[in-house]
Amino acid sequence: MSKQPVFRFAPSPNGQLHLGHALSALLNHDMAKANGGRFLLRIEDIDIARCTPEFEAGIVDDLGWLGLDWEKPVRRQSEHLDLYRQALGTLIDRDLVYPSFLTRGAIKVMVGEFEAKGRSWPRDPDGAPLYPGEERKLSPSARQRMLAGGKPHAWRLDMARALATLDAPLTWQETGTGPNGETGAIAADPGAWGDVVLSRSDAPSSYHLAVTLDDALQGVTHVVRGRDLFHATSVHRLLQGLLDLPEPVYHHHRLILGADGRKLSKSNRDTGIAAFREAGKTPDDVRAMFL
Numbered sequence: 004m005s006k007q008p009v010f011r012f013a014p015s016p017n018g019q020l021h022l023g024h025a026l027s028a029l030l031n032h033d034m035a036k037a038n039g040g041r042f043l044l045r046i047e048d049i050d051i052a053r054c055t056p057e058f059e060a061g062i063v064d065d066l067g068w069l070g071l072d073w074e075k076p077v078r079r080q081s082e083h084l085d086l087y088r089q090a091l092g093t094l095i096d097r098d099l100v101y102p103s104f105l106t107r108g109a110i111k112v113m114v115g116e117f118e119a120k121g122r123s124w125p126r127d128p129d130g131a132p133l134y135p136g137e138e139r140k141l142s143p144s145a146r147q148r149m150l151a152g153g154k155p156h157a158w159r160l161d162m163a164r165a166l167a168t169l170d171a172p173l174t175w176q177e178t179g180t181g182p183n184g185e186t187g188a189i190a191a192d193p194g195a196w197g198d199v200v201l202s203r204s205d206a207p208s209s210y211h212l213a214v215t216l217d218d219a220l221q222g223v224t225h226v227v228r229g230r231d232l233f234h235a236t237s238v239h240r241l242l243q244g245l246l247d248l249p250e251p252v253y254h255h256h257r258l259i260l261g262a263d264g265r266k267l268s269k270s271n272r273d274t275g276i277a278a279f280r281e282a283g284k285t286p287d288d289v290r291a292m293f294l
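No gaps in the numbering here: position 19 of the sequence shown is 22 in my numbering, and each next residue is one more.
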């Protein structure tokens, strides 16, 4: 007997939902319904400083107005922080992560000085500079002294060490399309991201770690999300391999772009779902925008 498909929409309550979110939510809901599957809503509120109950209430209102229904109760990341810490502890015990103490400002200065000499600093698929990585070489005693002293830090995946644990190359099954039309069996390239952050002093989990764990713990079989996360799937496949988690099918969909050609932002209120509702539009009007 085949496993019942499970889809999810997982917004962060740090702003109002826009048309891009509406497309993703509708696709997840409709694909779940078409395949006799389940549709879940997950609130990714791990960023306590920016996420608010008011924005979460707005998400619920917008999705309800669009005519969507989801299983209860809703999973909130803020209620499961111990699970993320436990997974991070597993990776620490396996010596696959290390504490990094360089601040973002210090990294920016380092990269700026390097590139001022006409050289090019390596960057990840999103264009951010890769982490220098020198702190991988710190002795255990030096690390412990800095940690014991309360120095702010992040836990980073030792990418080279993590990749060395794999028995075979990583792939994923893509039923949507990537930025260059990629579909079908996709070769993952987590190394392109360098030593990614998995946790910070002010946040018990990064997006990469939390979303990978949540999808596994909720039994999500189909991850449907925007094409801007296509390359991040490589990191998620690596974490699934390291933590012995199941592999879902991935479907990356097109992005809704603004007049400037950039993907929509929650700060751009004129593309917010609530704004369309207040202007007298109907849910069918919103659906028609995606045809």
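From the three backbone atoms N, C-alpha and C, an ideal C-beta is built for every residue, glycine too.
- Taking all protein chains in view, the Cβ of ASN183 is surrounded by fewer than 16 other Cβ atoms within 10 Å, so the residue is classified as exposed.
- For GLY275, the closest alpha carbon among the candidates ARG11, LEU160 and ASP65 is that of ASP65.
- Counting only runs of at least 4 residues, the stretch 148-235 fully encloses the following alpha helix (DSSP H) elements, listed from N- to C-terminal order: 162-167 and 210-220.
- Contact between the stretch 136-153 and the stretch 79-86 is absent: fewer than 3 CB-CB pairs across the two stretches fall below 8 Å.
- Here ALA195 is not near HIS156, since their CB atoms are 9 Å or more apart.
- The alpha-carbon of ALA109 is positioned some 29 Å away from that of ALA167.
- Fewer than three beta-carbon pairs drawn from the stretch 170-190 and the stretch 210-224 are found closer than 8 Å, and the two stretches are therefore not classed as touching.
- The Cβ atoms of LEU29 and PHE279 do not sit closer than 9 Å to each other.
- Around the Cβ of GLN80, a 10 Å sphere holds 16 or more other Cβ atoms; the residue is buried.
- Put simply, of HIS21, PRO16 and ALA163 the residue whose alpha carbon is nearest the alpha carbon of ARG290 is HIS21.
- DSSP, read as helix, strand or coil, puts PHE279 in helix.
- Taking all protein chains in view, the Cβ of ALA191 is crowded by 16 or more other Cβ atoms within 10 Å, so the residue is classified as buried.
- The Cβ neighbour count for ILE49, taken over all protein chains shown within 10 Å, is at least 16; the residue is labelled buried.
- Sequence-distant partners of ALA35 (beyond 5 residues in either direction) whose C-beta falls short of 7 Å from its own C-beta, in its chain, are PRO8, PHE10, ARG41 and PHE42.
- Pairing ARG230 with LEU201 gives a Cβ-Cβ distance that is not under 9 Å.
- Within the same chain, PRO102 come within 6 Å of ARG146 by CB-CB distance, once the 5 residues on both sides are set aside.
- Annotation: the continuous alpha helix (DSSP H) that includes PHE117 extends over 107-118.
- Ranked by Cα distance from GLY179, the first of TYR253, ARG164 and GLY39 is TYR253.
- Using a Cβ distance threshold of 9 Å, ARG45 and GLN221 count as a contacting pair.
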